[in-house]
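> Same order as they appear, the protein sequences are chains R and W.
If you use numbering that gives the first Met the number 0, the first sequence corresponds to residues 0 to 363, in order.
If you use numbering that gives the first Met the number 0, the second sequence corresponds to residues 0 to 602, in order.
Sharing a structure with you now.
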Amino acid sequence: MLVINLKSGKSEIIPLLPAGGDADTNLSLATLSDMTAEDVLAVALIDRKSDASQDFSTTLLTSFRKLKFSNDQHAAGLVPFQPQELGGLLRQSIAAGVKVKALYWEQFLANLNKDDSYKAGHSNNVEISNLINRKVNNKRGFAVLDRATRPMGSFHQKATVLIKSSTATTTFDKKRIIAYVGGMDLTGGRWDTPEHFTLDPERQGGRWFDVHLRIEGTGALDVLRNFRQRWEAIGVFIDDSQLKDDYAPRNIDPEIKTETQNQFFMPPEVKLMPVVDPDGFVQINRTIPPFSGHAKISSAKRFVEEAGEDGILQSYTKAINRARKFILINDQYFFSDEIALALHQALKKIRWTRFRDCCVAQRS
Amino acid sequence: MSNPLISGGTLDYISTKPYEIGFSGATDIILPFEGSVIIPGTFGKTPSFDKPDIAEWLFTSLLFPVPDGSKKNFQCLRDYENKPFKIEGAILCLAARDLTPFERLDIKGLYENIKKDTANFGNAHGALLQDIHVHAVRPKTLLVLFTTDITLPDNFDIFTQKKGHKLKADSSGALTPLQKSLAATFSGKIFAFDAAGLQMETYTALRALGIDQNVKKAPKDNELRLQFVDIHGTILNPAKLPVKAFQFKPGPGDIDTNWHWHCMSMGQDRTLKFISAPLPGNTAQDDLYKYSHVHIAVWPGLDFAFQPVKPSVTDLELNKLFVKMPNNGMGFLRLCVFHPGDEMQTTGGGKLNSDGRFSNDFHLYHSDNSLTVFNTGRKFFADLYKEIALPETDEVLENIYLINWSSSAHTHMLGSMRLYGVTPHDGGKEAINSALDTISANYLITKLEPSDTKNDIDYFLLLVSHATKATDISTSFKIEVKTNPASVAKITTSHQGFIRKGQIFGIQLAGNQNQVEAHAIKAYWKNSVGEVSEVSKNINASTYNNTPISVPEELFKLEINGQDPPQAVLKRKKNKKLCIEIVKQFITVRHSIAGHQSQVWKK
């Protein structure tokens, strides 16, 4: 039997009847240790006496059959992952005892239609959520499809926080905390290089221009604090009779519920990695709109006023207002009245200088 | 002494723990102000009031502290390192609920010359600071910790008493259980917290409350301990302020590294002078930015603007600040120093409530972080992979928190070439062209099942006809195969994948009605310095006429094993007869048709 992996280009000849196998039951022909779930196998029967040196025109017995995992298996997270894939990396961590919590946006169609399956919309978040929530050897992570946005809104936050402890001494109780925050989701299409070659054999998706920031130190705590607030809000939505219909996630199991309502771990002390001169000034801004689920929380878990929070807009306008000579804005979505007004005022302010050129370029 | 805190005992200043005042031999405690008396309750217990309003946050948190091991952890109170305040033992909390006792302190006088209609007002702050209605260096909470072994009553609710009320001696129904507990003399410690819940020096707090009881070993009246804090009250390292320097007359004294303050003796002419010019000899733009436009204020401020430190020197006349204090002095002062350029979010942290608590937990900015900017996914993903999969030898990864708009479990963290073990190709176009020549001259095409009946597309698989030809391909590269031009099949890209050195490979082609479309193969590769090149070649396939023996769908199945992460397992389903039947079919066909060419189409 000839097995060809159409994506990785690997091939293998496997006996159809492995030694010692029971032909009347399911036979495990091979463990494809380097196969990913997105690979596609082409399997054909070849002449049993053939070997790799023979011409396939004389040995091929059958057509090839394409084998791949079903959409349902993908959606359930029941597919193989290599450790170099995000799913494999997370499962490997969970198996090693790392506590994993995740918040993914549930697409707005599901948000609007309460009766829709939570699989509606961008099903990729369903797959990774189920992968994280899968319990193997009594170990699992906790992933929630968060739908607490305002109608037609989306959670566009992209953040990762890692907490590490030291094994160097038993008395060392400080935690090392690393946060990644910025414009890049942890999805295949975001992998790109500075050259952005149109054809790049390393890339999974199209070209991607974006920026991400790694913060190590106390600033990372605010990234974690944002996670904590959203995470604990899930626990509120689940039990709040006024909010649960609109905002409680649908992929909640009893263990997730308990996890969202237990005390959230925050590192009591933060260790800064030994850098010569840590001088990074960090401020975490975010946008939480009014009319979102978070703005409607009235319990002790409230973390934003009903009017919401617009720290990112404020930081933009303040930076523009303080500019003297030059403003460079690189933004995927750029249609804010407030920003336009701020730019207009800034241009008026500097009209007597030679720095007056204004250029708007749209990315194709 | 007209205004004591305890009777029948002594107060002691502990020089090694200057945030505390110890006491012993006390027979009673006298409420130093009109306020509330609270005894912390048990964690998890339901508060006796249904929905405490925002003014009750302090009392709620004190009644029901968060447990942290054997210690009680008060989230609403922060110690001098800005960590949740932890304490062991029985605690009596005396909390002021109004500011009446503090009227005589006139901090506003410090900035009385800065009017709201002047240019200086408001240019460095937004609505946040105007909302602050609390006073600097004024305790709002006193914690009295009993170290004597006494049993405090359960179910002891908040009650309010007037200033001068004695907890033990005065008659009150609400105090009866407490009076029994305080039957003997007792000892303990006293802590003070300002209106924002940040621990402050207790001796100064007692003085600010008007308590004139003698404190043994207390600092002299002309001594000042000066701390610098950010806008949240977080103590700053005096050696790392965003100012070039500051001067104090007669001199700032040494920095106490334990408490991050300057201990100094004040003379009659007390002026604090800040100098914020760029560092000498350093004209880097970032330093100019960092050391310009610094603002200072008494923390947390009161209806006054932060004072800009410009152009190079600003004087704070501290003697005006202390003019109405007892003994014409104040032993402890916090000054907020911040750079408005770093203060990008004018309402960061939300509003500061009258309780001194921000409406959310966000800090405005943090210093002393190590930052790395990734302008590509390659660097970001690789760094994240390293931190998760390859921790340092003395580190253990404990938690991963993820937030994403969209996330795919199939993200190749280190790139597709690394995932598939494909090495860069440095040999130039010749080797790739040779490989494409080998493919175009030696292929065979067979059916690939299943067809896409919905879109009427048949799939075929192009194989290099002889295995040795595959080994003739001397390097690995990636291909993208498209119909050329698209005419019959409703598909453009039929295949994307790697051609691997020395391996048998298949290329998926598209067509319909057993006709294979013409295709173009685009081969592209990356060399070891990251450059990408490409070449193309057309594959003009002919009609595929023969239907080979089909592999039944039910014969093979892909499953996973029980490992974590799981691995793929290729299984043959339980149907031995089906296998035998396929072989019989093959033998039949082989004998009925001369040669073996009928099994496949061959060029």
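No residue lacks a Cβ here, since even glycine has one placed at the ideal position from N, Cα and C.
(1) Can you give me the Cβ contacts of Leu242 (chain R) inside the same chain, cut-off strictly under 8 Å, excluding the 5 residues immediately before and after it?
(2) Should Leu181 (chain W) and Arg77 (chain W) be called a contact, given that it needs their Cβ atoms to be closer than 7 Å?
(3) If we count the other Cβ atoms within 10 Å of its Cβ and call it buried at 16 or more, is Ile328 (chain R) buried or exposed?
(4) Step through the CB atoms of chain C and report whether any lies within less than 7 Å of the CB of Met265 (chain R).
(5) If distances are taken between C-alpha atoms only, which option among W:Leu223, W:Leu447, W:Arg224, W:Asp255 comes closest to Ala238 (chain W)?
(6) List the residues of chain R whose Cβ lies closer than 9 Å to the Cβ of Met199 (chain W), in chain order.
(7) With a CB to CB cut of under 6 Å and the five nearest residues on each side skipped, what residues in its chain are close to Asn2 (chain W)?
(8) Just to confirm my understanding: we take Thr117 (chain W), look at its own chain, exclude 5 residues before and 5 after, and list those with CB closer than 7 Å. What are they?
(9) Ignoring anything shorter than 3 residues or poking outside the region 463-512 of chain W, list the beta strand (DSSP E) runs there in chain order.
(10) Determine, using beta-carbon pairs with one atom in the region 76-86 of chain R and one in the region 126-145 of chain R, whether at least three such pairs fall under 8 Å.
(11) Report yes or no: do the region 456-468 of chain W and the region 178-191 of chain R share at least 3 C-beta pairs separated by less than 8 Å?
(12) Pull up the distance between the alpha-carbon of Gln344 (chain R) and that of Asp563 (chain W), whole angstroms please.
(13) Mind checking Ile559 (chain W): buried by the 16 CB within 10 Å criterion, or exposed?
(14) Could you have a look at Glu11 (chain R) and say whether DSSP puts it in helix, strand or coil?
(15) Of all the CB atoms in chain W, is at least one closer than 7 Å to the CB of Gly120 (chain R)?
(16) Mind checking Ile12 (chain R): buried by the 16 CB within 10 Å criterion, or exposed?
(17) According to DSSP, is Met412 (chain W) part of a helix, a strand, or is it coil?
(18) Please confirm if the region 91-106 of chain R is in contact with the region 391-405 of chain W, defined as three or more CB-CB distances below 8 Å between the two stretches.
(19) Which whole runs of the beta strand (DSSP E) in the region 52-111 of chain R are 3 residues long or more, in chain order?
(20) Roughly how many whole angstroms lie between the Cα atoms of Met416 (chain W) and Ile402 (chain W)?
(21) Is Asn70 (chain R) near Leu144 (chain R), with beta carbons less than 7 Å apart?
(22) At which residues does the alpha helix (DSSP H) containing Gly292 (chain R) begin and terminate?
(23) Is DSSP giving Leu242 (chain R) helix, strand or coil here?
(24) Under DSSP, the beta strand (DSSP E) around Arg571 (chain W) begins and ends at which residues?
(25) Measuring straight from C-alpha to C-alpha, what distance separates Asp432 (chain W) and Val534 (chain W)?
(26) Assign Ser32 (chain R) to one of two classes, buried (16 or more other C-beta atoms within 10 Å of its C-beta) or exposed (fewer than that).
(27) Where does Leu389 (chain W) land, buried or exposed, given buried means 16+ other C-beta within 10 angstroms?
(28) By the 9 Å beta-carbon criterion, what residues does the region 216-232 of chain R contribute toward chain W?
(29) Here's the rule I'm using: 16 or more other beta-carbon atoms within 10 Å means buried, otherwise exposed. How should Gly505 (chain W) be labelled?
(30) Does the beta carbon of Ile503 (chain W) sit closer than 7 Å to a beta carbon anywhere in chain R?
(31) Using only CA atoms, which one of R:His211, R:Glu337, R:Val42, R:Tyr315 lies nearest to Lys157 (chain R)?
(32) Just curious, the alpha helix (DSSP H) that Asp436 (chain W) is in, first and last residue?
(33) Which class does Ala238 (chain W) belong to by DSSP, given the choice of helix, strand or coil?
(34) For Arg139 (chain R), which residues from the same chain have a beta carbon less than 7 Å from its beta carbon, with the 5 sequence-adjacent residues on both sides left out?
(35) Hey, how far is the Cα of Ala322 (chain R) from the Cα of Asp330 (chain R)?
According to the structure shown:
(1) Val235, Phe236, Gly292, Lys295, Ile296
(2) no
(3) exposed
(4) Of the protein chains in the structure, R and W, none is chain C.
(5) W:Asp255
(6) Those do not exist, as Met199 (chain W) stays about 21 Å from chain R at its closest Cβ, beyond 9 Å.
(7) Gly209, Ile210, Asp211
(8) Residue placement at Thr117 (chain W) is poorly supported in this model, since its pLDDT is 37, which falls under 50; the coordinates still yield a value, given next. Hits under 7 Å: none found.
(9) 476-482, 492-498, 505-511
(10) yes
(11) no
(12) 58 Å
(13) buried
(14) strand
(15) Bear in mind that a pLDDT of 47 at Gly120 (chain R), under 50, signals an unreliable position, so the number given afterwards is only what the model happens to contain. Not closer than 7 Å to any Cβ of chain W, the Cβ of Gly120 (chain R) fails to qualify, so no.
(16) exposed
(17) coil
(18) yes
(19) 63-66, 98-104
(20) 27 Å
(21) no
(22) 292-295
(23) coil
(24) 567-571
(25) First, the amino acid is wrong: residue 432 (chain W) is Asn here, not Asp. Whole-angstrom Cα-Cα distance: 7 Å.
(26) exposed
(27) exposed
(28) Gly216, Thr217, Gly218, Ala219, Leu220, Asp221, Val222, Leu223, Arg224, Asn225, Phe226, Arg227, Gln228, Arg229, Trp230
(29) buried
(30) yes
(31) R:His211
(32) 428-441
(33) helix
(34) Ile93, Asn132, Arg133
(35) 18 Å
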